[in-house]
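What follows is a single structure, written as structure tokens, with notes after it.
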Amino acid sequence: SSSSNGGFFGHPKGLSTLFFTEMWERMSYYGMRALLVLFMTASLQEEGLGFTVASAAAIYGLYTGAVYFLGLPGGWLADRLFGGQKAVWYGGIIIMIGHIILAVPHDYSFFIGLIFVASGTGLLKPNISAMVGQLYSSEDERRDSGYAIYYMGINLGSIIGYYVCGYFMENVGWHWAFGAAAVGMGIGLIQYYLTTKHLPSHSAAPANPLTPKGIKNTWFGIAAFIATTAAVVIAATTGMITINPVVIAKYVAVAFTLIFFIYFGMIYFKGKLNEDEKRRMWALFLVCVASACFWSGFEQAGSSLNLFARDYTDRLVGSFEIPTAWFQSLNAIFIIVLSPFFAALWINLSKKMISPSYSVKCALGLIIMASGFLVMFMAAHYAAEGLKVAPYWLVTTYFLHTVGELCLSPVALSAVSRLSPQRFSGQMMGVFVLTYSIGNIIAGLLAGGFDPNKVEEIPALYLQISLFSIGIGIILVLLSFKAKFWEKRGLTATTTA
Ligand code: GLN
Numbered sequence: 002s003s004s005s006n007g008g009f010f011g012h013p014k015g016l017s018t019l020f021f022t023e024m025w026e027r028m029s030y031y032g033m034r035a036l037l038v039l040f041m042t043a044s045l046q047e048e049g050l051g052f053t054v055a056s057a058a059a060i061y062g063l064y065t066g067a068v069y070f071l072g073l074p075g076g077w078l079a080d081r082l083f084g085g086q087k088a089v090w091y092g093g094i095i096i097m098i099g100h101i102i103l104a105v106p107h108d109y110s111f112f113i114g115l116i117f118v119a120s121g122t123g124l125l126k127p128n129i130s131a132m133v134g135q136l137y138s139s140e141d142e143r144r145d146s147g148y149a150i151y152y153m154g155i156n157l158g159s160i161i162g163y164y165v166c167g168y169f170m171e172n173v174g175w176h177w178a179f180g181a182a183a184v185g186m187g188i189g190l191i192q193y194y195l196t197t198k199h200l201p202s203h204s205a206a207p208a209n210p211l212t213p214k215g216i217k218n219t220w221f222g223i224a225a226f227i228a229t230t231a232a233v234v235i236a237a238t239t240g241m242i243t244i245n246p247v248v249i250a251k252y253v254a255v256a257f258t259l260i261f262f263i264y265f266g267m268i269y270f271k272g273k274l275n276e277d278e279k280r281r282m283w284a285l286f287l288v289c290v291a292s293a294c295f296w297s298g299f300e301q302a303g304s305s306l307n308l309f310a311r312d313y314t315d316r317l318v319g320s321f322e323i324p325t326a327w328f329q330s331l332n333a334i335f336i337i338v339l340s341p342f343f344a345a346l347w348i349n350l351s352k353k354m355i356s357p358s359y360s361v362k363c364a365l366g367l368i369i370m371a372s373g374f375l376v377m378f379m380a381a382h383y384a385a386e387g388l389k390v391a392p393y394w395l396v397t398t399y400f401l402h403t404v405g406e407l408c409l410s411p412v413a414l415s416a417v418s419r420l421s422p423q424r425f426s427g428q429m430m431g432v433f434v435l436t437y438s439i440g441n442i443i444a445g446l447l448a449g450g451f452d453p454n455k456v457e458e459i460p461a462l463y464l465q466i467s468l469f470s471i472g473i474g475i476i477l478v479l480l481s482f483k484a485k486f487w488e489k490r491g492l493t494a495t496t497t498a
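Residue numbers (the UniProt record's numbering): 2 to 498.
Structure follows, in structure tokens:
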């Protein structure tokens with residue numbers, strides 16, 4: 002229940018359940034994701050798939066986009082059919098099956114495995130994030146710090162994934178690395194099974210259950226999804242249709258953005274919301290805009306910043322060459338190191354009765370992330386002159402990106418959990434997770450402008466990204482006097498316990 006204290010760092014015991022489940026899920030997600038482009042571009046002799054860099058990058062963008070897009074149906078299914086607890090359980094099982102399929106070396110298994118992982122993550126990710134918030138009543142001041150702890154679990158998992166899967170890949174082989182991800186998710190599932198009892202009992206049932214007829218239709222829809230996906234996979238693998246991932250990625254970016262507005266609008270206009278709930282939806286809208294812009298810049302870590310590390314960074318230290326991939330784990334390491342300071346910062350501010358609105362914190366996060374790209378703008382100038390820059394340029398950028406992330410990401414999760422209308426909690430988290438999806442795809446498209454043959458154009462690319470994000474950040478700050486009012490707790494505030 003929400004009043005139980007002292008279970009886990011002074012938080013309800015259920016936080017420990019969700020912390021470790023999400024830690025293992027993220028271990029499997031990031032561990033596998035780190036290998037994905039490398040596996041697709043490795044030659045057939047190296048037992049890879051032999052794809053070109055352009056298709057591999059587009060498939061990567063589509064995959065990460067799809068993972069978070071599927072959070073929309075995943076959130077809906079939890080609100081209406083499964084309840085949060087079962088959604089996470091089934092999602093985890095589907096993810097584990099996906100990694101097992103990836104571990105089996107076979108031509109067709111690759112895309113089928115990815116589809117399983119994406120579908121399972123859609124079912125798990127928004128609902129586990131929503132359940133964190135359900136551990137607290139609406140007056141409970143521990144919610145923000147609960148999300149900050151949960152966010153550490155995410156990044157602890159990603160560090161384990163990078164090192165374990167990276168180790169298996171280099172020393173044993175691709176399929177063992179995919180297998181390691183399956184084992185990680187399996188440990189998470191066992192842990193979840195044994196500790197589900199600590200979760201709030203209302204998350205065992207859907208918040209807004211369907212009628213028997215609705216249940217039947219939903220299962221019909223799930224069957225139709227499976228049949229269509231299977232048909233597309235068969236058609237593509239047998240060469241009946243050819244798929245150009247680069248072209249698809251552009252349309253998908255536009256489509257997902259439209260779907261975001263439509264879904265958000267449907268809940269706002271058709272969700273029978275009262276005045277308080279509508280007011281808070283405006284505050285959430287600002288948070289979502291900030292989030293989509295933020296990830297569009299940030300998620301270039303795996304693409305354009307990764308290439309910058311490989312091609313334009315002097316990675317030699319004495320006779321040791323820093324592997325390019327090591328730069329990828331800087332973000333997660335900075336998160337673990339900086340999180341306690343941020344937790345203390347928000348607590349100190351609130352003791353002084355200073356509580357910046359969610360949207361001001363998000364705007365700050367966006368501007369700090371953008372300043373990381375100003376650093377890259379300067380570094381790219383040297384690269385354009387044909388020099389290799391020192392590693393601390395990228396280290397500084399990743400540091401600023403992480404500081405920005407800590408101002409925005411856990412704060413936004415907490416905002417969505419606190420401000421969403423209760424019976425839409427899973428779906429609103431799904432809508433929010435869709436902003437990750439939009440960000441990931443746009444990041445991929447922006448990184449397409451990173452052309453190693455036109456190095457003189459790279460500084461301008463980074464400057465544009467930076468100025469655009471600063472502009473949005475400033476608009477959000479200007480709107481913040483409104484946001485403070487939109488975020489205010491209403492008279493009809495609902496308690497969860
Ligand atoms: N690192 C965070 C997570 O895995 C955010 C990911 C993202 O791309 N938005 O939850």
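Heads up, the beta-carbon is just placed ideally off N, CA and C, and yes, glycines get one too.
Everything numeric in this text was worked out from a predicted model, so none of it was measured.
Counting C-beta pairs closer than 8 angstroms gives fewer than three between the segment 417–437 and the segment 149–162, which falls short of the contact rule. Beta-bridge pairing by DSSP links H12 to F9. Residue pairing by DSSP places F262 opposite no residue, since no beta bridge is assigned to it.
Look at S410: its beta carbon is less than 7 angstroms from one of the heavy atoms in the ligand GLN. Contact between the segment 241–250 and the segment 104–113 is absent, with fewer than three C-beta pairs closer than 8 angstroms.
Residue side-chain check: E26 keeps its Cβ at 7 angstroms or more from all non-hydrogen atoms of the ligand GLN. When the beta-carbon positions are compared, G298 and I466 come within less than 8 angstroms of each other. By the Cβ criterion, the segment 120–129 is in contact with the segment 72–91, since at least three pairs of Cβ atoms, one from each stretch, lie closer than 8 angstroms. Across the set I96, G85, E140 and F112, the C-alpha of G85 shows the shortest separation from the C-alpha of V133.
A direct Cα-to-Cα measurement between S418 and S426 gives close to 7 angstroms. Boundaries of the alpha helix (DSSP H) around Q428: S426 to A448.
Taking 8 angstroms as the upper bound for CB-CB distance, M379 and T398 are not in contact here, some 10 angstroms apart. Taking C-beta atoms as the reference points, V404 and V478 fail to come closer than 8 angstroms. One Cα belongs to I475, the other to I369, and the distance between them is close to 12 angstroms. Relative to the ligand GLN, the nearest heavy atom lies less than 7 angstroms away from the CB of N441. Here Y393 is exposed: its Cβ has fewer than 16 other Cβ atoms, across all protein chains shown, within 10 Å. Checking the 7 angstroms criterion, the Cβ of W175 is out of range of every heavy atom belonging to the ligand GLN. Judged by DSSP in its simplified three-state form, T314 adopts strand. Taking 8 angstroms as the cut-off, the Cβ atoms of A182 and G32 count as close. Looking at the DSSP output, E322 sits in a beta bridge with L317.
In the three-state reduction of the DSSP assignment, V105 falls in the coil class.
Checking the DSSP bridge columns, you'll see V390 partnered with T314.
In this structure, I155 has its CB closer than 7 angstroms to one or more heavy atoms of the ligand GLN. Between H199 and L136, the alpha-carbon positions lie close to 10 angstroms from each other. Contact annotation: the segment 379–391 touches the segment 310–319, with at least three C-beta pairs closer than 8 angstroms. In this structure, DSSP gives E48 a state outside helix and strand, which the three-state scheme calls coil.
The beta carbon of T197 sits closer than 8 angstroms to those of T18, Q86 and W90, all from its chain and outside the five residues before and after it, given in chain order.
When only Cα atoms are considered, A291 and I268 end up about 20 angstroms apart. Counting C-beta pairs with one atom in each stretch, the segment 140–149 and the segment 53–67 have fewer than three that are closer than 8 angstroms, which means they do not touch. A contact is defined here as three or more CB-CB pairs under 8 angstroms, and the segment 52–63 meets this definition with respect to the segment 250–264. The segment 167–178 and the segment 34–41 touch, with three or more beta-carbon pairs separated by less than 8 angstroms.
Ranked by how close their Cα comes to the Cα of A461, the residues A381, L317 and L50 have A381 in first place. Q301 and L447 do touch by the CB rule: their CB atoms are close to 7 angstroms apart, below 8 angstroms.
Residue state for Y137 is assigned as coil, using DSSP reduced to three classes.
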